[in-house]
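Reading through the structure tokens given below for one structure.
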Amino acid sequence: MVIHVPPRWKTEPNDVDVIKGRSVMIDCEAEGFPPPRLTWRKAEGSVPESYKPISSSSHLHVFENGSLTILDVGEHDAGFYLCQASNGIGSGLSKVISLTVHVSAHFNTKFHAEIVKKGQDAKLSCEAFGERPLTILWTKDKQPLNAKLMARYRQTETVFTNGTLSELLIESVDRSDSALFTCLARNSYGKDESNIQLIIQEKPDIPQELRVTRSTSRTIDISWSPPYSGNSRLLKYLLAYEESRDAISTSKDVKQVAIPPSETTWSISSLTPNTRYSIRISAVNDLGESESSNPLEVATEEEAPGGPPLSVKVLPLSSTAVKVLWEPPEASLQFGAIKGYYVGYKRKESSDKYVYKTLENRENLREERILTNLERNTRYRIRVQAFNSKGAGPPSDDVEVETLQEDPPRPPSLEILGMTSSSVTLKWKKDAGDTAPASGYIIYYKKEYGSWKSEEVFGDIYTYTVGNLQCGMRYEFYITAMDGNGEKSEIITGRTSGRAPIAPEKEELLSVNDTSITIQLSSWKSGGCPITHFEIKYKQQRQKNWILFADRVSSNRKSITVSNLLPSTWYQLQL
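No gaps in the numbering here: position 411 of the sequence shown is 411 in full-length UniProt numbering, and each next residue is one more.
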């Protein structure tokens, strides 16, 4: 016997709440005999009146047991659903349930970057969607951000039908504002975040650690560390260098080189040896040029002189000796401290190599050398080379000279016999080995820091008095023979008699009344040198400027009076 049983609920469907984007399964299971057939329908409108059948798809699927699965639920899936069970026995079963879809807080844009130039204002915006109430919080580099506590920050919110727009305003941005800003949105059904990378662009920083890695006489190799780029691609480095000077440099003195941004080393070439250079470097991006680094001071190494000694002259001294005189090479071609000179010589017609004599440089060195042991009445070629710690430079052009046929007089020996206030008497004698005749002598003299003067003495005379000299003054003297190229004697010094006038005591010099001062000029002592005249100045004690009373008062005058002075006033005199 077969017993037919009408459908009855095994699992009755119920109302369901689901969050948008998730999946949901609605159970609807019935039993009976024969086994009931289960179908699902969805209301076509917002009220449960008219339904349309649900067919299985990739989005909705009805299992054999009657369960309805909806994948990736959307807002359009919300509404009323009808589950029916029938097996032909009785009227069957049906149940209407509602599916409510909730929208969690979310952002459509998960990340974007904002680029702002330093000093400009920035506006960061994030729009959150979801059911209300919807709250939005900001963080900066994952740390909570309270715009109310930050002077340059301001936060605003605008509420729309389906979401909220939050804006973070930052005034006059600087480097500290470069950060990852995060919007955190939250409601009862979930939370989400949106990230904004704020990039502040500015001029680059100064390149760091500028240093010398190697230097030679002509090149300087440098290196540096890349600077902060200012969040903008580096375009180049600008290297500037110039010779170090005490004076202010002009733009023409500075050489500038553009270096690719990929480089952090450079070789500066075509430099001058033994020269100090000042080197700076800066970086450039689209926003401009950084400040220059502190100057790096470095000197190139020495190099053998690049030029010959100048103004080479050769004077015949005797039948066997000549004097070679010259000036140092041009300063810009010395390439280092001159250590000395090589003086080369050979007979003009000889094929022999040059013979060189060395003159070591020392303090107060005179650029001259006497070559001896030469042949009488013979023509020689002379050249001079300078040398420094790196070697010898090029030689000078050859200078020709011929030794004398006969030897000139030797320098006399000069001494002072006596002196007066206006004259000095000199005495000299010939060198014991001097056989050359002398027709007379030339006496040279000058006062200290003055110019040389000369007087001639003819015949076989060995004393002479130089007159018309200044009293109490130091003089220098030397003597040479008139004949030939005789050398001068050593310079001797002497002082004429006398000294500066001697001032009297104040009580002896001055007599004072209410409005005048009388000066006793006769109270001055001559000191051995005649007093020629007096000069008188005066001023009140606290004044700066002197008043000239008289500038040439005769030394024969006994006294002079400065009158028309203020009573009870201190004065200073200069006499």
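Where is the CB? At the ideal position from N, CA and C, for every residue including glycine.
- Message: Check for me: the beta strand (DSSP E) holding Lys42 runs from which residue to which?
- Response: DSSP places Lys42 inside the beta strand (DSSP E), whose first and last residues are 37-43.
- Item | Nearest-angstrom Cβ-Cβ length linking Gln84 and Ser91, presumed shorter than 8 Å | With 8 Å as the limit, Gln84 and Ser91 do not qualify as a contact, their Cβ atoms being about 11 Å apart.
- Which of helix, strand or coil does DSSP assign to Ala147? DSSP places Ala147 in helix when its eight states are reduced to three.
- Item | Sequence ranges, beta strand (DSSP E) only - wholly within the UniProt domain "Fibronectin type-III" (408-499), length at least 3 | Within the UniProt domain "Fibronectin type-III" (408-499), the runs of beta strand (DSSP E) that reach at least 3 residues and sit entirely inside it are, in chain order, 413-419, 424-429, 440-447, 453-458, 463-466, 474-481, 492-495.
- Query: So is Thr300 buried or exposed if we call it buried at 16+ other beta carbons inside 10 Å?
  - Reply: Thr300 is buried by the Cβ-count criterion.
- Task: Can you tell me which of Asp174, Ala179, Thr139 puts its alpha carbon nearest to the alpha carbon of Ser166?
- Result: Residue Thr139 holds the alpha-carbon nearest to the alpha-carbon of Ser166 among Asp174, Ala179, Thr139.
- Leu60 - containing beta strand (DSSP E), residue span: In the DSSP assignment, Leu60 falls within the beta strand (DSSP E) that extends over 60-62.
- Message: Could you check whether the region 71-88 touches the region 31-45, counting it as contact only if at least three pairs of C-beta atoms, one from each stretch, sit closer than 8 Å?
- Response: Cβ pair count under 8 Å is three or more, so yes.
- Item | Nearest-angstrom Cα separation, counted from Pro144 out to Ala247 | The predicted model places Ala247 with a pLDDT of 45, which falls under 50 and marks its position as unreliable; any figure quoted below should be read in that light. So the two alpha carbons sit approximately 56 Å from each other.
- Item | Three CB pairs or more closer than 8 Å across the region 374-381 and the region 395-405 | Two segments are said to touch when three or more pairs of C-beta atoms, one from each, lie closer than 8 Å; by this definition the region 374-381 touches the region 395-405.
- Looking only at C-alpha atoms, which of Pro133, Trp546, Tyr189 sits nearest to Lys20? With respect to the C-alpha of Lys20, the residue from Pro133, Trp546, Tyr189 having the closest C-alpha is Tyr189.
- What number of angstroms, rounded off, separates the C-alpha of Arg8 from the C-alpha of Leu82? Rounded to the nearest whole angstrom, the C-alpha separation of Arg8 and Leu82 is 16 Å.
- First and last residue of the uninterrupted beta strand (DSSP E) at Leu239: Per DSSP, the continuous beta strand (DSSP E) segment holding Leu239 begins and ends at 234-243.
- Message: Considering only heavy atoms of the ligand HEM, does any lie closer than 8 Å to the CB of Tyr356?
- Response: In the structure on display, the ligand HEM does not appear, and there are no ligands present to speak of.
- Query: Thr569 to Ala503, Cα distance in whole Å?
  - Reply: It is roughly 24 Å from the alpha-carbon of Thr569 to the alpha-carbon of Ala503.
- Backbone CA spacing between Ala258 and Arg175 [nearest angstrom]: Taking the straight line joining both Cα atoms gives about 27 Å.
- At which residue ranges does the UniProt domain "Fibronectin type-III" (308-406) contain complete beta strand (DSSP E) runs of 3 or more residues, listed in the order of the chain? For the UniProt domain "Fibronectin type-III" (308-406), whole beta strand (DSSP E) runs of length 3 or above, ordered along the chain, are 310-316, 322-327, 340-347, 355-360, 368-371, 379-388, 399-402.
- Item | Closest by C-alpha distance to Lys525, when choosing among Gly288, Ile443, Lys558, Glu349 | Of the candidates Gly288, Ile443, Lys558, Glu349, the one whose C-alpha sits nearest the C-alpha of Lys525 is Lys558.
- Report the option in Val254, Arg214, Arg474, Phe80 whose CA atom is closest to the CA atom of Tyr51. Residue Phe80 is the option with its Cα nearest to Tyr51.
- Which runs of the beta strand (DSSP E) fall wholly inside the UniProt domain "Ig-like" (116-197) and span at least 3 residues, in chain order? Within the UniProt domain "Ig-like" (116-197), the complete beta strand (DSSP E) runs of at least 3 residues are 122-129, 135-140, 153-159, 163-170, 179-187.
- Query: Starting from Leu68 and walking both ways along the beta strand (DSSP E), at which residues does that stretch end?
  - Reply: Unbroken beta strand (DSSP E) run through Leu68: 68-70.
- Apply the 10 Å Cβ neighbour rule to Glu171 and answer buried if 16 or more other Cβ atoms are within range, or exposed otherwise. Here Glu171 is exposed. Its C-beta has fewer than 16 other C-beta atoms within 10 Å.
- Task: Using 10 angstroms around the beta-carbon of Ser249, count the other beta-carbons present and answer buried if the total reaches 16, otherwise exposed.
- Result: For Ser249, the predicted model reports a pLDDT of 47, less than 50, meaning its position is unreliable; a value from the coordinates is still stated below. Taking every protein chain shown into account, the CB of Ser249 has fewer than 16 other CB atoms within 10 angstroms, so this residue is exposed.
- Does the distance from the CB of Leu169 to the CB of Leu99 come in under 9 Å? In this structure, Leu169 lies away from Leu99, with their beta-carbon atoms at least 9 Å apart.
- Message: Would Asp205 and Ser290 qualify as a contact pair, given that the criterion is a beta-carbon distance under 9 Å?
- Response: Contact annotation: Asp205 and Ser290 have beta-carbon atoms nearer than 9 Å.
- Query: When the distance is taken between beta carbons, is Thr135 closer than 9 Å to Arg186?
  - Reply: It is a contact, given that the beta carbons lie within the stated cut-off.
- Query: Roughly how many angstroms separate the alpha carbons of Asp398 and Leu234, rounded to a whole number?
  - Reply: The alpha-carbon atoms of Asp398 and Leu234 are separated by roughly 58 Å.
- Item | Helix, strand or coil at His76 according to DSSP, with G and I counted as helix | Residue state, collapsed to three classes: helix.
- Pick helix, strand or coil for Ser223, following the three-state DSSP scheme. Three-state result, Ser223: strand.
- Using a threshold of 9 Å, state whether the C-beta atoms of Tyr341 and Glu367 are closer than that. Glu367 is positioned such that its CB atom lies closer than 9 Å to that of Tyr341.
- Item | DSSP three-state assignment for Leu510, whether helix, strand or coil | Strand.
- Please work out which residues of its chain come closer than 7 Å, Cβ to Cβ, to Pro551, disregarding the five sequence neighbours upstream and downstream, and give them in chain order. One detail in the question is off: residue 551 reads as Asp in this sequence, not Pro. Leaving aside the five residues that flank Asp551 on each side, the residues in its chain whose CB is nearer than 7 Å to its CB run, in chain order, Glu535.
- Task: Grab me the residues of Ala43's own chain with a C-beta within less than 6 Å of its C-beta, minus the 5 sequence neighbours each way, in chain order.
- Result: Excluding sequence positions up to five before and after Ala43, its CB lies within less than 6 Å of the CB of Tyr51, Gly79, Phe80, all in the same chain and listed in chain order.
- State the beta-bridge partners of Gln520 as determined by DSSP. Ser559.
- 8 Å CB neighbourhood of Asp15 in its chain, flanking five on each side removed: Around Asp15: Ile97, Ser98, Leu99, Thr100.
- Message: By the three-class DSSP mapping on this structure, what secondary structure does Asp27 have?
- Response: If DSSP states are grouped into helix, strand and coil, Asp27 belongs with coil.
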